[in-house]
Amino acid sequence: MDRVTAAWIYDTLAEHYPDACTPLPFFHSPFQVLILTILSAQTTDQAVDKIRPALFARYPTPADLAAADVHEVEKIIHSTGFYRVKARHIISTAAMLVNRFGGTIPSTMEELLLLPGVGRKTANILLFHALGINAGIAVDTHVKRLAGRLGLTTRIEQDLIEQDLMNLYPQERWGDLTDIMIAHGRRCCTAINPHCGVCPVSNVCPFYQQTR
DNA sequence: ATCCCGAGGG
DNA sequence: CCCTCTGGAT
290 MDRVTAAWIY DTLAEHYPDA CTPLPFFHSP FQVLILTILS AQTTDQAVDK IRPALFARYP
350 TPADLAAADV HEVEKIIHST GFYRVKARHI ISTAAMLVNR FGGTIPSTME ELLLLPGVGR
410 KTANILLFHA LGINAGIAVD THVKRLAGRL GLTTRIEQDL IEQDLMNLYP QERWGDLTDI
470 MIAHGRRCCT AINPHCGVCP VSNVCPFYQQ TR
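The first sequence begins at 290 in the working numbering and counts up by one.
Following this line, the structure appears as structure tokens:
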């Protein structure tokens, strides 16, 4: 894949998903972004958005959440799935913010990975959305599938796919690229029955040429 | 019925 | 590496 085509794909998709890069509004505090990002695993934005007001009305600060009753948290976040695990994680994370990071959220990958419920993917998205840092490209199943179909990479391992994409795009686009590819993977380039007929980049897509 | 803006544990 | 944890969207 050459950079000219890769850049065109980025521009075209970016225009097509103008809201893809700001799933978590700016008025949320870094603390809220952190908690909401942990809760976002394996669920939808709508599900997280639905419980957000109740959650932060009850636990406005890390100290409040650290002292929370786990069953009460479970009840509030129930609709986001994995609620028992997530309830434990966000309470423990809040406690760690208070005890180790002075109530603020850490700004490096290494420190973020110490937080319960924060793995590689969440840390990556978090660095971008809470802190504006383009630390890398979060390669999930959507990005993996989309990058493969578009011919942006021929690799299988997610680390190598990330390297290919990072080589293809300048660092200041990594965060946006993650969001754009996830949005397109979810809304158009789906695993089964992809909507190639309305896909804005199908004209340069090897997968589309091969299946038509 | 299947998959997911995963992470932790064995 | 494989398993589990969960609801919701499609």
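From the three backbone atoms N, C-alpha and C, an ideal C-beta is built for every residue, glycine too.
Hey, would you say residue i sits closer than 9 Å to residue j, going by beta carbons?
i: I365; j: V493; result: no
i: V362; j: Y348; result: yes
i: I324; j: T382; result: yes
i: L503; j: M470; result: Because the chain here runs from 290 to 501, residue 503 falls outside it and cannot be looked at.
i: P489; j: L302; result: yes
i: F417; j: G474; result: no
i: P495; j: L454; result: no
i: F320; j: T369; result: no
i: T500; j: C477; result: no
i: R409; j: L403; result: no
i: A357; j: I394; result: no
i: F371; j: T333; result: no
Figure out for me which residue from the options has the closest Cα to the Cα of residue i.
i: V428; options: R389, I445, D334 and Q335; result: I445
i: V432; options: H305, T350, T500 and T479; result: T479
i: P405; options: G391, L420 and L386; result: L386
Our contact map puts residue i next to residue j with C-beta atoms below 8 Å; I'd like the distance itself, whole angstroms only.
i: L407; j: I327; result: First, the residue type needs correcting, since residue 407 is Val and not Leu in the sequence shown. 6 Å between Cβ atoms; contact.
i: A352; j: L457; result: The Cβ separation is near 43 Å, so there is no contact.
i: T276; j: A330; result: Look at the range of the chain in this structure, 290 to 501, and you will see that residue 276 is not part of it.
i: N423; j: Q460; result: 5 Å
i: V322; j: L415; result: 7 Å
i: A384; j: V359; result: In fact, because the Cβ distance is near 12 Å, the residues do not count as touching under 8 Å.
i: L449; j: M290; result: About 14 Å; that fails the 8 Å criterion.
**Request:** Could you pull out every unbroken beta strand (DSSP E) segment of at least 3 residues lying fully inside the segment 394-482, listed in chain order?
**Result:** Counting whole runs of 3 or more residues, the segment 394-482 contains no beta strand (DSSP E) stretch at all.
**Item:** 4-residue-minimum alpha helix (DSSP H) runs that sit fully inside the segment 321-350, ordered along the chain
**Value:** 334-347
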